[in-house]
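Here the sequence shown is numbered in our numbering, starting from 1024 and rising by one per residue.
Glycine included, every Cβ here is placed at the ideal spot set by N, Cα and C.
The structure presented is a predicted model; accordingly, all values stated were derived computationally and were not measured.
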Amino acid sequence: MLTNPTHSGAEELVMNAVLWLKLGVEVTGAAVIGFGLLAVLASWLRGLRAKKEDLFGEARLSFARYLALALELQLGADILSTAVAPSWDQIGKLAAIAVIRTALNYFLRQELHGDASHVGKKSSSDD
């Protein structure tokens, strides 16, 4: 049986492009976490100098936002890894990872909303 060499070359090109895109999304997710860590540390140090009250809560809330974005990016990278001709094993792993990351993101967002309302109530009651 003859195979079309153009088809296999195009398929390989698409697979390589998707793998590079996946790597880019993974690196972006890691960079978001790194940038978030630096931003939170800088904010925390400024807060220490200003002797802010709920410094830990605000730092946690800020860092959680960066983590939520990074989780979304990492899930996107996992989806890209199965975008081209996935095996059933890859699909099963993606499903497990997607459930875990989605659950983490859900609970992280619940905590964000709870902490944000708590910080808002605390600052309004301080007035």
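Residue range of the unbroken alpha helix (DSSP H) whose run includes residue i
i, result
"A1087", "1078 to 1104"
Nonlocal neighbours in the same chain, by C-beta distance under 7 Å from residue i, ignoring five residues either side
i, result
"A1017", "Within the shown structure, residues of the chain are numbered from 1024 to 1150, placing residue 1017 beyond reach of any answer."
Own chain partners of residue i with C-beta closer than 8 Å, once the 5 adjacent residues on each side are dropped
i, result
"E1081", "S1066, G1070, K1075, V1142"
"M1024", "Reliability fails at M1024, whose pLDDT of 46 lies under 50, so the model's placement of it is uncertain and no value is given."
"L1131", "A1087, L1090, A1091, L1094"
"F1058", "Y1089"
"V1037", "V1107"
"L1060", "F1086, Y1089"
Cβ-Cβ distance between residue i and residue j below 9 Å
i, j, result
"L1117", "T1105", "yes"
"L1084", "L1127", "no"
Nearest residue (CA-CA) to residue i, options the options
i, options, result
"V1122", "G1137, Q1097, V1107, A1108", "Q1097"
"W1043", "L1103, W1111, L1061", "L1103"
Same chain only: Cβ atoms within 6 Å of residue i, ignoring 5 sequence neighbours per side
i, result
"I1041", "Just to set this straight, residue 1041 is Val in the shown sequence, not Ile. Excluding sequence neighbours, V1041 sits near L1103, A1106, V1107."
Whole alpha helix (DSSP H) elements within the segment 1026 to 1055, 4-residue minimum:
none
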